[in-house]
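Asker: All the letters of the sequence shown, read from the start, carry residue numbers 377 to 532 under the working numbering.
Heads up, the beta-carbon is just placed ideally off N, CA and C, and yes, glycines get one too.
This is the structure I want to talk about, given as C-alpha cells.
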Amino acid sequence: MDWRGEVLLEKPENKLDIDKYGIAIHVAFRETERLRRLDDKTQSGGERSVATMLYLLSLQELCPVPFRCVDEINQGMDPRNERKVFSLIVDTLASESRNLAKIQYFLLTPKLLRGLKYGEKVAVHLVHNSPTLPRDIMEWEHSAFIPIMPLLQSTE
C-alpha cells in the first residue's frame, strides 16, 4: 500500500483552554503525494473513509473495549481500497494480541464485495428488511446458500 499518514495533537496557545485541543490527521494516498490534512475538500469520500478506518484500527490496542460498531464505512471506497481495508480489519482482529482477541467488530453495510476473505472468527449476518424485497423472501432457505458460497465468491 502506498498510503501514509500521521496524527498530530493540536495544542492551543493557552494550555488551560481544553476546548481548543484536537487532533489533526494528515494523509497521502499516492507515493508521490505529500501529507495533507484530512478534510472534506482535499480527499475524496472514499479516501476519508479509508483514513478514518485506519485511524480506528490504529487505536485498537490502546483502547480495548468489548465491541466496536462502524456504520457504512465502506461507502464511497473503490473496490480495491475496500478489499484492502476489509483484509486489514480481519487480519487485525485475528491477531493473537490479548486485547484484540476479545473485541467484537460490527461492520454495518448495505453491501459487501464478492470474494472477500473471511477469517474463521468472522460471521456474516444478513438482515432482510425492506419494503422492496420480493414477497417470497420468507420462503428462502438461507442454509441453501452456504454450499454455493465458494462458487459465488470465485466468480469475481
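Kindly identify the DSSP beta-bridge partner or partners of R444.
Answerer: Within the sequence shown, the letter at position 68 stands for residue 444. Answer by DSSP bridge pairing, in chain order: Y481.
Asker: For G398, I'd like the list of residues in its chain whose CB is within less than 7 Å of its CB, leaving aside the five on either flank, ordered along the chain.
Answerer: By one-based count along the sequence shown, residue 398 stands at place 22. Taken in chain order, the residues that qualify are E386.
Asker: E382 by DSSP, collapsed to three states: which one?
Answerer: In the sequence shown, the residue the question calls residue 382 occupies position 6. Strand, per DSSP.
Asker: Starting from the C-beta of T531, find all residues in its chain whose C-beta is less than 6 Å away, skip the five residues before and the five after it, and write them out in chain order.
Answerer: Within the sequence shown, numbered from 1, the residue matching residue 531 stands at position 155. Residue placement at T531 cannot be trusted, given a pLDDT of 48 that sits under 50; the coordinates are not used to answer.
Asker: Out of S434, E389, Y481, G422, which one is the CA nearest neighbour of G381?
Answerer: Counting from 1 along the sequence shown, the entry for residue 381 is found at position 5. Here the closest residue by C-alpha is S434.
Asker: Quick check on N457: buried or exposed, where buried means 16 or more other Cβ atoms within 10 Å of its Cβ?
Answerer: Residue 457 sits at position 81 when you count from the first residue of the sequence shown. Per the 10 Å Cβ criterion, buried.
Asker: Which word fits V461, buried or exposed, when buried means at least 16 other C-beta atoms lie within 10 angstroms of its C-beta?
Answerer: Mapped onto the sequence shown, residue 461 falls at position 85. V461 should be labelled buried.
Asker: Do the CB positions of D378 and R406 come within less than 7 Å of each other?
Answerer: Taking the first residue of the sequence shown as position 1, residue 378 is located at position 2. Taking the first residue of the sequence shown as position 1, residue 406 is located at position 30. Yes, Cβ-Cβ distance for D378 and R406 is below 7 Å.
Asker: V426 to V441, Cα distance in whole Å?
Answerer: Position 50 of the sequence shown, counted from the first residue, corresponds to residue 426. Position 65 of the sequence shown, counted from the first residue, corresponds to residue 441. Answer to the nearest angstrom: the Cα atoms are 22 Å apart.
Asker: Since G398 is in the beta strand (DSSP E), which residue starts that stretch and which ends it?
Answerer: As a first step, residue 398 is located in the sequence shown; it is residue number 22 there, counting from the start. Segment 398-404, the beta strand (DSSP E) holding G398.
Asker: Consult DSSP for R410 and reduce its assignment to one of helix, strand or coil.
Answerer: In the sequence shown, counting from the first residue as 1, residue 410 sits at position 34. Looking at R410 - three-state DSSP - the assignment turns out to be coil, as it is neither helix nor strand.
Asker: Can you name the start and end residues of the alpha helix (DSSP H) that R456 belongs to?
Answerer: Within the sequence shown, the letter at position 80 stands for residue 456. Segment 455-469, the alpha helix (DSSP H) holding R456.
Asker: Go ahead and label E423 buried or exposed: buried means 16 or more other beta carbons lie within 10 angstroms of its beta carbon, across all protein chains shown.
Answerer: Here the question's residue 423 lines up with position 47 in the sequence shown. Its Cβ being crowded by 16 or more others within 10 Å, E423 is buried.
Asker: Around the C-beta of N390, are 16 or more other C-beta atoms found within 10 angstroms, so that it is buried, or is it exposed?
Answerer: Mapped onto the sequence shown, residue 390 falls at position 14. Per the 10 Å Cβ criterion, exposed.
Asker: Taking the C-alpha atoms as reference points, what is the distance between C439 and K478?
Answerer: Here the question's residue 439 lines up with position 63 in the sequence shown. Here the question's residue 478 lines up with position 102 in the sequence shown. Each residue's alpha carbon lies about 12 Å from the other.
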